[in-house]
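Heads up: the structure comes next, in structure tokens.
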Amino acid sequence: MSDYKKTSEISMEELNHQGGRICKELDSMGYNPATVCAIIHMAHLSAGIAVNRGFSDWMLEKQVNRR
1 MSDYKKTSEI
11 SMEELNHQGG
21 RICKELDSMG
31 YNPATVCAII
41 HMAHLSAGIA
51 VNRGFSDWML
61 EKQVNRR
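Each residue of the sequence shown is one higher than the one before, counting from 1 in UniProt numbering.
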């Protein structure tokens, strides 16, 4: 059985917290506010989820492990 949370188990408060954490992390990496907004917006459009620095590596790892 998977340990992943179902979407219905994630509260709006938790989503807001994680979204804020990701925005702060992008800000600390030197992105200006408009760029942070664009990154979050594009992530939402393309994947339906917020991304962080490790997302690309995580996706690559998941794809490699499927083989």
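Backbone N, C-alpha and C fix where the C-beta goes; we use that ideal spot for every residue, glycine too.
**Cα-Cα separation, Lys-62 to Ala-43** = As a first step, residue 62 must be located in the sequence shown, where it is residue number 62. As a first step, residue 43 must be located in the sequence shown, where it is residue number 43. Cα to Cα, Lys-62 sits roughly 18 Å from Ala-43.
**Request:** Measure the beta-carbon distance from Cys-23 to Ile-40 and round it to whole angstroms, keeping in mind my assumption that it falls under 8 Å.
**Result:** If you number the sequence shown from 1, residue 23 lands on position 23. If you number the sequence shown from 1, residue 40 lands on position 40. That pair is a contact at about 7 Å.
**Request:** Rounded to whole angstroms, what's the CA-CA distance from Tyr-31 to Cys-37? Just pull it up for me.
**Result:** By one-based count along the sequence shown, residue 31 stands at place 31. By one-based count along the sequence shown, residue 37 stands at place 37. Answer to the nearest angstrom: the Cα atoms are 10 Å apart.
**Asked** Where do the N-terminal and C-terminal ends of the alpha helix (DSSP H) with Glu-13 fall, by residue?
**Response** Position 13 of the sequence shown, counted from the first residue, corresponds to residue 13. Counting along the chain, the alpha helix (DSSP H) containing Glu-13 begins and ends at 12-28.
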